[in-house]
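Heads up: the protein sequence lines correspond to chains A and B, in order.
Using our numbering, read the first sequence as starting at 3 and increasing by one per residue.
Using our numbering, read the second sequence as starting at 3 and increasing by one per residue.
Every residue gets a Cβ at the ideal spot worked out from N, C-alpha and C, and that includes glycine.
Following: one structure in structure tokens, then a few remarks.
Protein chains: 2
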Amino acid sequence: MFDFDFHNPTKILFGRGRETEIGKELQAAGIGKVLFLYGRDSIKKSGLWDRIVASLQQNNIAWVEHAGVVSNPVISHTRLGVDLAKKERVDAVLAVGGGSVLDEGKAIAVGALSDDDVWDYFVGKEVVAALPVFAVLTLAATGSEMNGNAVVTNEETRQKYNIASIHVYPRVSILNPELTCTVPPNYSAYGAVDAVAHVIEGYFTRRGGTHLQDRLVEGIIKTVIETNNIIMKAPADYAARAEFMWAATLALNGLTTAGLDEYSFPNHMIEHALSAIYNIAHGAGLAIVIPAWMKWYSPRCPERFQRFSLEIFGLHGVEAGIDALENWFAAIGAPTRLSHVGIKEHDIDQIADNAFGLATQWGIAGIYPRKAIAEILRFAV
Amino acid sequence: MFDFDFHNPTKILFGRGRETEIGKELQAAGIGKVLFLYGRDSIKKSGLWDRIVASLQQNNIAWVEHAGVVSNPVISHTRLGVDLAKKERVDAVLAVGGGSVLDEGKAIAVGALSDDDVWDYFVGKEVVAALPVFAVLTLAATGSEMNGNAVVTNEETRQKYNIASIHVYPRVSILNPELTCTVPPNYSAYGAVDAVAHVIEGYFTRRGGTHLQDRLVEGIIKTVIETNNIIMKAPADYAARAEFMWAATLALNGLTTAGLDEYSFPNHMIEHALSAIYNIAHGAGLAIVIPAWMKWYSPRCPERFQRFSLEIFGLHGVEAGIDALENWFAAIGAPTRLSHVGIKEHDIDQIADNAFGLATQWGIAGIYPRKAIAEILRFAV
Numbered sequence: 003m004f005d006f007d008f009h010n011p012t013k014i015l016f017g018r019g020r021e022t023e024i025g026k027e028l029q030a031a032g033i034g035k036v037l038f039l040y041g042r043d044s045i046k047k048s049g050l051w052d053r054i055v056a057s058l059q060q061n062n063i064a065w066v067e068h069a070g071v072v073s074n075p076v077i078s079h080t081r082l083g084v085d086l087a088k089k090e091r092v093d094a095v096l097a098v099g100g101g102s103v104l105d106e107g108k109a110i111a112v113g114a115l116s117d118d119d120v121w122d123y124f125v126g127k128e129v130v131a132a133l134p135v136f137a138v139l140t141l142a143a144t145g146s147e148m149n150g151n152a153v154v155t156n157e158e159t160r161q162k163y164n165i166a167s168i169h170v171y172p173r174v175s176i177l178n179p180e181l182t183c184t185v186p187p188n189y190s191a192y193g194a195v196d197a198v199a200h201v202i203e204g205y206f207t208r209r210g211g212t213h214l215q216d217r218l219v220e221g222i223i224k225t226v227i228e229t230n231n232i233i234m235k236a237p238a239d240y241a242a243r244a245e246f247m248w249a250a251t252l253a254l255n256g257l258t259t260a261g262l263d264e265y266s267f268p269n270h271m272i273e274h275a276l277s278a279i280y281n282i283a284h285g286a287g288l289a290i291v292i293p294a295w296m297k298w299y300s301p302r303c304p305e306r307f308q309r310f311s312l313e314i315f316g317l318h319g320v321e322a323g324i325d326a327l328e329n330w331f332a333a334i335g336a337p338t339r340l341s342h343v344g345i346k347e348h349d350i351d352q353i354a355d356n357a358f359g360l361a362t363q364w365g366i367a368g369i370y371p372r373k374a375i376a377e378i379l380r381f382a383v
Numbered sequence: 003m004f005d006f007d008f009h010n011p012t013k014i015l016f017g018r019g020r021e022t023e024i025g026k027e028l029q030a031a032g033i034g035k036v037l038f039l040y041g042r043d044s045i046k047k048s049g050l051w052d053r054i055v056a057s058l059q060q061n062n063i064a065w066v067e068h069a070g071v072v073s074n075p076v077i078s079h080t081r082l083g084v085d086l087a088k089k090e091r092v093d094a095v096l097a098v099g100g101g102s103v104l105d106e107g108k109a110i111a112v113g114a115l116s117d118d119d120v121w122d123y124f125v126g127k128e129v130v131a132a133l134p135v136f137a138v139l140t141l142a143a144t145g146s147e148m149n150g151n152a153v154v155t156n157e158e159t160r161q162k163y164n165i166a167s168i169h170v171y172p173r174v175s176i177l178n179p180e181l182t183c184t185v186p187p188n189y190s191a192y193g194a195v196d197a198v199a200h201v202i203e204g205y206f207t208r209r210g211g212t213h214l215q216d217r218l219v220e221g222i223i224k225t226v227i228e229t230n231n232i233i234m235k236a237p238a239d240y241a242a243r244a245e246f247m248w249a250a251t252l253a254l255n256g257l258t259t260a261g262l263d264e265y266s267f268p269n270h271m272i273e274h275a276l277s278a279i280y281n282i283a284h285g286a287g288l289a290i291v292i293p294a295w296m297k298w299y300s301p302r303c304p305e306r307f308q309r310f311s312l313e314i315f316g317l318h319g320v321e322a323g324i325d326a327l328e329n330w331f332a333a334i335g336a337p338t339r340l341s342h343v344g345i346k347e348h349d350i351d352q353i354a355d356n357a358f359g360l361a362t363q364w365g366i367a368g369i370y371p372r373k374a375i376a377e378i379l380r381f382a383v
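Printed below as a string of structure tokens:
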């Protein structure tokens, strides 16, 4: 057990119909005007936009819209949001959508209080302030609703980088599992892969760790697998959607890594390169990277992988658990090989180059030189 | 999965020597003067008092002391603290000690901003404000370091009642496991019993629940048992003390009950009566009440108890798990029968009367009329 700080001030409102409370929450926080950020028109078709707007109106909250956030959100659209937030002098950012919308919202919140280009904060500048962020989540996956992380892609430089700061934890995040009942099967699967990815990074890479954190992680993985097996058959099953949604939140809110030492996020590092170059869904990229990374990494700590096999799948041996996880990814419809998303073996060096940039930024270039990253990717051919 | 709010804004600083950061944290929060609350002189003998005071001085934080908090803190001493906090116009309460010191600190923080008698808040008045509370924890047990609960005893009325409010979550809690290495074996055992008690209340009494919460609870119980088996043999084992300390915090910080419906705290209800009347240690009382309550309650949900037996102890059947838990309480030195603490069978009606007052306040008098409470207590004869 290593020294740590844990501070997660996000207030969660969880349950059916709770998005109608957003106006009241904003008013209670003294917010007069928000930048209302979302992705596509689907929130208008579903009626969510209407419910949000009604709640804002009832509580005298003014808003200006910034629509069009894309999956793997981009810095160009983020910069437009920053300009709009400044011009309209908003008091807060209201992000309504999945992890991409929340992440771009956090970035805009940082940029709105800065004279520097917002991308500077993704390549090393320290975040010292941000507008308050409020969120209504429509997709269970990234955990962004209860953490201080934001990932945005710079389309010019092909860098998918992140900021991490206490200043961008959402003040309030509203989680209504009903809103996720219409998520298509492939995106549900990608969300499940993402949640699993968030907890296994620390589980396998940590040097110091405890049974308590291991058990939290194992409980989350088993829950994600069980609930998504139900969701694949019955997409509108509220109980399964709800339990998965909360599991995905707990998967990356700081709990599972509190007290671990020297853990790292190599699967995310490599995946960020994949989606920065090929713009594939984050969870799809992770489903390709994780089994490959496990095959490469498992000889370094076979006893961890034996525990994983046994606790998660009731199986014995290192390979059994890796195979079972890969088979489960495939069973829920996620790609597990580079070829499944049209990436060729001769692209591997380019991906490794890109990922190595992140390895350097994250301080793990020693364990993950270009050569190692390419080796890992060859397991995914 | 039922609707819930989750909001736990406490900042945790966990690790060796971190109590020396308290002054810096107070200064960062804009605090100029604190009420420095503690129990006995042991914190002076151990050097903790000196380290706290040095940290306050280095950061120009003024303080006034209020020593003498007792185990099962009392309203008379709380009232003196309220008077002192008002007279000295402190900005915050700094509680240095175990759960008793933290709980009295929270009560003083409420009373200091009110013209009403502080006991009013324990018998129904709503808490609407409190001074900020900062804590340095010296005993792993109650979870008070990361929740909004405070339990205080009214010596005149023999009522051990509680307040629960978002306003009394500590702003910052410092958890240094080293400070718990000198806790005597019996109090370590009572802390372990208390942590187990906090999670099993919801685990067994909840109507709606999920595998995720069950797994969190089971992970915490297994960790508490494992670490305390080590602590009993090697009281200064840092790793075990650390893992237990964090497990005890997670046991009552809102996580394990988030999403449960209609759970209750019957073991705490009955124990509060025991310690209100006989002033026994809270964990000691719980070790007596829990096995008795389990024997009385288990026919209502045998499948829950079968799961408990299997997951925690690898045993089959309802009784096996209850017996194993009772035996473990005894093995670590906790009393498991009323006679072990000198309480006679003819005292049961008086205890039941007292507990029924809490049953009424907590809205569970229908399930726990006097007769039922007496029945439960007779299992502990």
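>> Are there any heavy atoms of the ligand COA lying less than 6 Å away from the beta-carbon of A/H200, as far as the coordinates show?
In response: Absence of the ligand COA from the depicted structure is noted, as is the absence of any ligand whatsoever, leaving it without description.
> Whose C-alpha, out of A/V120, A/A142, A/V112, A/F136, is nearest the C-alpha of A/V130?
Replying inline: Along the first sequence, one-based indexing puts residue 130 of chain A at 128. Nearest in C-alpha terms to A/V130, of all of A/V120, A/A142, A/V112, A/F136, is A/V112.
>> Between A/H9 and chain B, is the shortest Cβ-Cβ distance under 7 Å, so that the two count as touching?
In response: Position 7 of the first sequence, counting from 1, holds the residue named residue 9 of chain A. Yes, its Cβ sits closer than 7 Å to a Cβ of chain B.
> Over what stretch of residues does the beta strand (DSSP E) that includes B/I375 continue unbroken?
Replying inline: In the second sequence, the residue the question calls residue 375 of chain B occupies position 373. Taken as a continuous stretch (DSSP letters only), B/I375 belongs to no beta strand (DSSP E), being part of the alpha helix (DSSP H) at 372-380.
>> Quick check: the Cα distance between B/T12 and B/R18, rounded to an integer number of angstroms?
In response: Reading the second sequence from its first residue, position 10 is the one you call residue 12 of chain B. Reading the second sequence from its first residue, position 16 is the one you call residue 18 of chain B. When rounded, the distance between both Cα atoms is 19 Å.
> If you draw a straight line from the C-alpha of A/V174 to the C-alpha of B/N10, how long is it?
Replying inline: Here residue 174 of chain A refers to the residue found at position 172 when the first sequence is read from its first residue. Here residue 10 of chain B refers to the residue found at position 8 when the second sequence is read from its first residue. In this model, A/V174 and B/N10 are separated by some 12 Å (Cα to Cα).
> Three-state secondary structure (DSSP) at B/N188?
Replying inline: Taking the first residue of the second sequence as 1, we reach residue 188 of chain B at position 186. If DSSP states are grouped into helix, strand and coil, B/N188 belongs with the helices.
> In three-state terms, what does DSSP make of B/L133?
Replying inline: Position 131 of the second sequence, counted from the first residue, corresponds to residue 133 of chain B. It is coil, neither helix nor strand.
> Can you name, in chain order, every residue of its own chain whose Cβ lies under 6 Å from the Cβ of B/I384, other than the five neighbours on each side?
Replying inline: Since the displayed chain B opens at 3 and closes at 383, residue 384 of chain B lies outside it and no answer follows.
> In three-state terms, what does DSSP make of A/Y299?
Replying inline: Along the first sequence, one-based indexing puts residue 299 of chain A at 297. In the structure shown, the three-state DSSP call for A/Y299 is helix.
> Are the Cβ atoms of A/A289 and A/T338 separated by less than 7 Å?
Replying inline: As a working note, residue 289 of chain A is residue 287 in the first sequence. As a working note, residue 338 of chain A is residue 336 in the first sequence. A/T338 sits close to A/A289, with the two beta carbons spaced by under 7 Å.
>> Between which residues of its own chain and B/R392 is the CB-CB distance below 8 Å, once the five residues before and five after are set aside?
In response: Absent from the model: residue 392 of chain B. The displayed extent of chain B is 3 to 383, so no value can be given.
> Taking the continuous alpha helix (DSSP H) assigned at B/L254, which residues delimit it?
Replying inline: On the second sequence, residue 254 of chain B is found 252 positions in, with the first residue counted as 1. Looking at the DSSP string, B/L254 is not in any alpha helix (DSSP H), and its letter there is neither H nor E.
>> DSSP three-state label for A/H2, please.
In response: Any question about residue 2 of chain A goes unanswered here, given that chain A covers just 3 to 383.
> What does A/E228 reach in chain B if we use C-beta pairs closer than 8 Å?
Replying inline: Indexing the first sequence from 1 puts residue 228 of chain A at position 226. Ordered by position in chain B, the residues that pass the 8 Å Cβ test against A/E228 are H213.
>> Which residues in chain B have a C-beta closer than 7 Å to the C-beta of A/A241? List them in chain order.
In response: Start at 1 with the first residue of the first sequence, and residue 241 of chain A comes out as number 239. Result: M3.
>> Run through the DSSP bridge pairs and tell me what A/V343 is partnered with.
In response: As a position in the first sequence, residue 343 of chain A is number 341, starting the count at 1. BP columns for A/V343 are empty, so no partner.
>> Is there a C-beta anywhere in chain A that falls below 7 Å from the one on B/E245?
In response: Position 243 of the second sequence, counting from 1, holds the residue named residue 245 of chain B. Cβ-Cβ to chain A under 7 Å: yes for B/E245.
>> Counting only beta-carbon separations shorter than 7 Å, does B/T258 have a partner in chain A?
In response: As a first step, residue 258 of chain B must be located in the second sequence, where it is residue number 256. At a cut-off of 7 Å between C-beta atoms, B/T258 does not count as an interface residue with respect to chain A.
>> Mapping the DSSP letters down to three states, classify A/I168 as helix, strand or coil.
In response: What you label residue 168 of chain A is simply residue 166 of the first sequence in a count that begins at 1. Here A/I168 carries a helix assignment [DSSP, helix/strand/coil].
>> So, under 8 Å CB-CB, B/A382 and B/Y192 are touching, yes? Tell me the CB distance rounded to an integer number of Å.
In response: Residue 382 of chain B sits at position 380 when you count from the first residue of the second sequence. Residue 192 of chain B sits at position 190 when you count from the first residue of the second sequence. Here B/A382 is actually not in contact with B/Y192; their C-beta atoms are around 16 Å apart, not less than 8 Å.
> Can you list the beta strand (DSSP E) stretches of 3 or more residues lying completely in the stretch 41-77 of chain A, in chain order?
Replying inline: Secondary structure remark: continuous beta strand (DSSP E) runs of at least 3 residues inside the stretch 41-77 of chain A, in chain order: 64-68.
>> I'd like to know whether the C-beta of B/K26 is nearer than 7 Å to at least one C-beta of chain C.
In response: Absence of chain C from the displayed structure is noted, the protein chains being A and B.
>> Beta-carbon within less than 6 Å of B/Q59's beta-carbon, same chain only, minus the 5 sequence neighbours each way: which residues are those?
In response: Here residue 59 of chain B is taken as the residue at index 57 of the second sequence, counted from 1. So no residue of the chain qualifies.
>> Taking 7 Å as the threshold (beta carbon to beta carbon), is B/T182 in contact with chain A?
In response: Residue numbering aside, residue 182 of chain B sits at position 180 when the second sequence is read from its first letter. B/T182 does not count as touching chain A.
>> Measuring straight from C-alpha to C-alpha, what distance separates A/A132 and A/G256?
In response: Reading the first sequence from its first residue, position 130 is the one you call residue 132 of chain A. Reading the first sequence from its first residue, position 254 is the one you call residue 256 of chain A. The straight-line gap from Cα to Cα measures roughly 20 Å.
> In whole angstroms, what is the alpha-carbon distance linking B/I227 and A/R42?
Replying inline: Taking the first residue of the second sequence as 1, we reach residue 227 of chain B at position 225. Taking the first residue of the first sequence as 1, we reach residue 42 of chain A at position 40. Answer to the nearest angstrom: the Cα atoms are 51 Å apart.
> In chain order, which alpha helix (DSSP H) runs of at least 4 residues are fully inside the stretch 254-339 of chain B?
Replying inline: If only complete runs of 4 or more residues are kept, the stretch 254-339 of chain B shows the alpha helix (DSSP H) at 268-280, 284-299, 304-315, 320-333, in order along the chain.
> chain A partners of B/T22, CB-CB under 7 Å?
Replying inline: Looking up residue 22 of chain B in the second sequence gives position 20. Using a Cβ-Cβ cut-off of 7 Å, B/T22 is close to nothing in chain A; its nearest Cβ partner there is about 13 Å away.
> Looking at C-beta atoms only, is the number of pairs between the stretch 137-150 of chain A and the stretch 250-268 of chain A that lie closer than 8 Å three or more?
Replying inline: Three or more Cβ pairs drawn from the stretch 137-150 of chain A and the stretch 250-268 of chain A lie within less than 8 Å of each other, which places the two stretches in contact.
> So with Cβ pairs under 7 Å, would you call B/T225 a contact of chain A?
Replying inline: Counting from one through the second sequence, the residue named residue 225 of chain B turns up at place 223. Look at B/T225: its C-beta is under 7 Å from a C-beta on chain A.
> Buried or exposed: where does B/D118 fall if 16 or more other Cβ atoms within 10 Å of its Cβ makes it buried?
Replying inline: Taking the first residue of the second sequence as position 1, residue 118 of chain B is located at position 116. With fewer than 16 Cβ atoms within 10 Å of its Cβ, B/D118 is classed as exposed.
> When burial is assigned at 16 or more other CB atoms within 10 Å of the CB, is A/G285 buried or exposed?
Replying inline: Residue mapping note: residue 285 of chain A aligns to position 283 of the first sequence, counting from 1. Answer is buried; the Cβ neighbour count reaches 16.
>> Does A/V219 come out as helix, strand or coil in the three-state DSSP assignment?
In response: Sequence index remark: in the first sequence, residue 219 of chain A carries index 217 (1-based). In the structure shown, the three-state DSSP call for A/V219 is helix.
> Where DSSP assigns a beta bridge to B/Y163, which residues make up the other side?
Replying inline: Numbered from its first residue, the second sequence carries residue 163 of chain B at position 161. Looking at the DSSP assignment, B/Y163 forms a beta bridge with B/V154.
> Between the stretch 271-279 of chain A and the stretch 346-358 of chain A, do at least 3 Cβ pairs fall closer than 8 Å?
Replying inline: Because the criterion of three Cβ pairs below 8 Å is met, the stretch 271-279 of chain A and the stretch 346-358 of chain A touch.
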